[in-house]
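Number of protein chains: 2
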Amino acid sequence: MAEKLGFREIKREVFRRIRSNEWGPGTLLPGEVDLAAEFGCARATVNRAMQELSDDGIIERRRKGGSRVKLAPSRQVTFEIPLIRAEIEARGAEYRYELMSNAVEKAPAWLAVRLGLKASTRVRHVECLHFADRTPFQYEDRWINLNAVPRAEAADFSSLSPNEWLVSEVPYTNAEVRFSATGADAKIAKLLKTGVGEPIFLSERSTWLDETPVTNVRFYFAPAYQMIARY
Amino acid sequence: MAEKLGFREIKREVFRRIRSNEWGPGTLLPGEVDLAAEFGCARATVNRAMQELSDDGIIERRRKGGSRVKLAPSRQVTFEIPLIRAEIEARGAEYRYELMSNAVEKAPAWLAVRLGLKASTRVRHVECLHFADRTPFQYEDRWINLNAVPRAEAADFSSLSPNEWLVSEVPYTNAEVRFSATGADAKIAKLLKTGVGEPIFLSERSTWLDETPVTNVRFYFAPAYQMIARY
DNA sequence: CTATCCATTATGTATAGTCATAAATAGAAG
DNA sequence: CTTCTATTTATGACTATACATAATGGATAG
Numbered sequence: 001m002a003e004k005l006g007f008r009e010i011k012r013e014v015f016r017r018i019r020s021n022e023w024g025p026g027t028l029l030p031g032e033v034d035l036a037a038e039f040g041c042a043r044a045t046v047n048r049a050m051q052e053l054s055d056d057g058i059i060e061r062r063r064k065g066g067s068r069v070k071l072a073p074s075r076q077v078t079f080e081i082p083l084i085r086a087e088i089e090a091r092g093a094e095y096r097y098e099l100m101s102n103a104v105e106k107a108p109a110w111l112a113v114r115l116g117l118k119a120s121t122r123v124r125h126v127e128c129l130h131f132a133d134r135t136p137f138q139y140e141d142r143w144i145n146l147n148a149v150p151r152a153e154a155a156d157f158s159s160l161s162p163n164e165w166l167v168s169e170v171p172y173t174n175a176e177v178r179f180s181a182t183g184a185d186a187k188i189a190k191l192l193k194t195g196v197g198e199p200i201f202l203s204e205r206s207t208w209l210d211e212t213p214v215t216n217v218r219f220y221f222a223p224a225y226q227m228i229a230r231y
Numbered sequence: 001m002a003e004k005l006g007f008r009e010i011k012r013e014v015f016r017r018i019r020s021n022e023w024g025p026g027t028l029l030p031g032e033v034d035l036a037a038e039f040g041c042a043r044a045t046v047n048r049a050m051q052e053l054s055d056d057g058i059i060e061r062r063r064k065g066g067s068r069v070k071l072a073p074s075r076q077v078t079f080e081i082p083l084i085r086a087e088i089e090a091r092g093a094e095y096r097y098e099l100m101s102n103a104v105e106k107a108p109a110w111l112a113v114r115l116g117l118k119a120s121t122r123v124r125h126v127e128c129l130h131f132a133d134r135t136p137f138q139y140e141d142r143w144i145n146l147n148a149v150p151r152a153e154a155a156d157f158s159s160l161s162p163n164e165w166l167v168s169e170v171p172y173t174n175a176e177v178r179f180s181a182t183g184a185d186a187k188i189a190k191l192l193k194t195g196v197g198e199p200i201f202l203s204e205r206s207t208w209l210d211e212t213p214v215t216n217v218r219f220y221f222a223p224a225y226q227m228i229a230r231y
């Protein structure tokens with residue numbers, strides 16, 4: 001073997017054997033000590049390689065049981081949801097932001113259910129539009145729990161979007177994202193300058209800080225939007 | 001301090017300080033040796049904690065530059081895209097599969113572009129439907145590069161879906177996923193038993209095995225479908 | 001004043017050894 | 001034959017140490 005193998009090379013090599021069917025789905029892989037002997041490195045090095053293969057969803061590991069190739073290698077898709085501003089600027093377009101409404105209300109029923117709030121909770125409701133080169137790109141409909149984020153009471157969203165404000169001011173520990181397709185209603189059609197009933201990509205996100213609901217937001221994207229991830 | 005801190009506890013504690021704004025966005029964090037001294041553990045342990053925080057998108061690390069809290073802590077969303085069968089059965093519904101068409105063709109232009117194929121390449125084109133309790137749940141429109149997967153020439157998709165066949169037979173190294181919203185055309189409306197123009201959630205996936213295009217598939221979901229991720 | 005070089009430094013990776021832990025298995029007891 | 005228990009074993013985690021590497025920032029030369 002020789003050649004000072006690092007954990008990356010080991011990972012690559014093990015993966016190569018898996019995908020070449022040398023080690024097919026369900027195969028019990030050699031133990032870490034055996035692999036370490038074969039590759040001429042320390043067990044910790046093999047361990048890291050195998051750990052990452054496990055994180056990547058290629059293999060499954062169990063103490064004592066050893067490592068085996070996953071039967072259905074359903075690899076995880078990971079992508080990062082960028083700030084709209086960054087996404088628009090990355091396309092070479094000019095970003096513009098427009099605040100539409102900004103009010104304090106009592107949490108509507110559906111929101112209370114979604115976040116686990118009491119119906120009487122005071123929330124800030126912010127609606128705004130994000131433009132790419134003057135074309136409406138995304139409509140943002142956000143609700144912020146004022147109990148969790150009292151600073152939002154006084155925040156000024158006329159020039160800074162609530163998205164950017166929150167992301168730099170309020171941390172969270174848990175989040176839930178839902179992607180779906182919906183038809184544009186009259187309001188959304190008008191805002192995004194499209195027809196009523198047009199298919200709209202909808203991304204809804206809720207976040208919590210240790211069980212405390214923080215915010216819920218719905219992003220309605222202009223027609224033809226695609227969310228792309230590579231891995 | 002005491003208490004024998006493991007890398008998980010260290011990770012949690014550092015994250016706690018970040019989210020409590022003790023270490024706000026952009027802050028340069030203490031070096032690994034300092035943290036190791038504070039927590040009373042080896043640098044390798046701190047290293048693993050910080051490594052994972054970096055993987056999670058919480059901090060950014062650079063050699064010599066040290067670690068700093070990300071300005072826009074855009075944490076990464078990771079989805080595990082399950083097999084349709086598993087997804088349907090997890091909902092407590094009965095899974096049924098129906099093959100609609102299965103032919104060998106020359107790659108159409110759009111596919112050649114998407115995957116990077118020569119237009120003359122022979123591909124297997126498979127269309128099928130996945131049902132949940134007899135209701136159409138997803139329409140799968142798949143193309144398989146026969147050069148990359150010659151075994152697909154003889155594969156029988158009448159009872160096993162191409163999705164499941166591929167997932168257990170053909171590995172890949174790179175993939176691209178696109179989520180979008182589209183309107184149901186006449187064909188899709190009929191298959192999914194919905195109206196023409198209804199908003200449909202569309203998931204398109206392309207995979208490669210070391211630069212060799214393997215397959216491209218479009219999943220059209222029945223109306224009201226949501227793709228959910230928690231993290 | 002600017003461009004280049006180099007020492008410094010924090011992270012990146014590897015090592016050998018140790019102890020911990022979960023789970024499979026064989027063995028003992030009922 | 002079943003059930004519980006003890007042993008074994010592969011992975012999980014940690015330590016201390018060492019060297020590699022990239023990038024910074026200052027020193028130096030032009």
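The listed protein sequences correspond, in order, to chains A and B.
Residue 1 is where the first sequence starts when you use my numbering, and the numbers rise one by one after that.
Residue 1 is where the second sequence starts when you use my numbering, and the numbers rise one by one after that.
We treat Cβ as the ideally placed atom computed from N, Cα and C, and that holds for glycine.
Its Cα nearest to that of E22/B, the residue R68/B stands out among R68/B, R61/B, S161/B and S168/B. By the Cβ-count criterion, Q226/A is exposed, with fewer than 16 other Cβ atoms from all chains shown falling within 10 Å of its own Cβ. Here the C-alpha atom of E32/B lies approximately 30 Å from the C-alpha atom of Y231/A.
Rounded to the nearest angstrom, the gap between the Cα atoms of D133/B and Y95/B is 6 Å. Linking E98/B to A222/B through their CA atoms gives a straight-line distance of about 15 Å.
The beta carbon of Q138/B does not come within 8 Å of any beta carbon belonging to chain A, so the residue lies off that interface. Within its own chain, the residues whose Cβ lies closer than 7 Å to the Cβ of A42/B, once the five positions on either side in sequence are excluded, are A36, listed in chain order. Using a Cβ-Cβ distance cut-off of 8 Å, the stretch 199-210 of chain A and the stretch 176-183 of chain A are in contact, since at least three pairs of beta carbons, one from each stretch, lie closer than that value.
Listed in chain order, the alpha helix (DSSP H) runs fully inside the stretch 15-97 of chain A are 32-39, 43-55 and 84-90, counting runs of at least 4 residues.
Short of 7 Å from the beta carbon of D210/B, and not among the five residues preceding or following it, lie these beta carbons of its own chain, in chain order: T173. Within the stretch 167-194 of chain A, the runs of beta strand (DSSP E) that reach at least 3 residues and sit entirely inside it are, in chain order, 174-183. The contact set of N174/A on chain B, defined by CB atoms closer than 9 Å, consists of R230 and Y231 in chain order. Only exposed fits W110/A, as fewer than 16 other CB atoms lie within 10 angstroms of its CB. According to the DSSP secondary-structure assignment, T215/A is paired through a beta bridge with I144/A and T207/A. Close CB contacts of R142/B within its chain, under the 6 Å cut and outside five residues either way in sequence, are with V126, P162 and V217 (chain order).
V77/B has its alpha-carbon roughly 33 Å from the corresponding atom of K187/B. Straight through space, the alpha carbons of S101/A and A154/A are spaced by roughly 15 Å. With contacts defined by Cβ atoms closer than 8 Å, T212/A and A148/A form a contacting pair. For S120/B, the CB contacts under 8 Å within the same chain, skipping 5 residues up- and downstream, are K106 and A107 in chain order. Distance check between R178/A and each of R114/A, L53/A and R17/A places R114/A closest, using alpha-carbon atoms only.
In chain order, H125 place their CB closer than 7 Å to the CB of A103/B, counting only its own chain and leaving out the 5 sequence neighbours on each side. For A222/B, there is no enclosing beta strand (DSSP E), as DSSP gives it neither H nor E. For L129/B, DSSP records a beta bridge to E98/B and Y139/B. An exposed status is given to P82/A, since fewer than 16 other beta-carbon atoms sit within 10 Å of its beta-carbon. With contacts defined by Cβ atoms closer than 8 Å, R63/B and M50/B do not form a contacting pair. Between M227/A and chain B, the shortest Cβ-Cβ separation is below 8 Å. Relative to G24/A, the option among K11/A, G66/A and I58/A whose CA is nearest is I58/A. R114/A: not part of any beta strand (DSSP E); member of the alpha helix (DSSP H) spanning A109 to L115, first to last residue. Against chain B, the CB of G183/A has a partner CB under 8 Å away; the residue lies at that interface. Taken in chain order, the members of the stretch 76-101 of chain A whose beta-carbon sits within less than 9 Å of a beta-carbon on chain B are Q76, V77, T78, F79, E80, I81, P82, L83 and A86. Contacts with chain B at 8 Å (Cβ-Cβ) include G197/A. No residue range can be given for A152/B, since it is assigned to no beta strand (DSSP E) and is classified by DSSP as neither H nor E. Our two residues, K118/B and P171/B, have alpha carbons roughly 22 Å apart in a direct line. Counting along the chain, the unbroken beta strand (DSSP E) around R230/B starts and ends at Q226 to R230. Taken atom to atom, the span from the alpha-carbon of S168/A to that of A90/B is near 37 Å.
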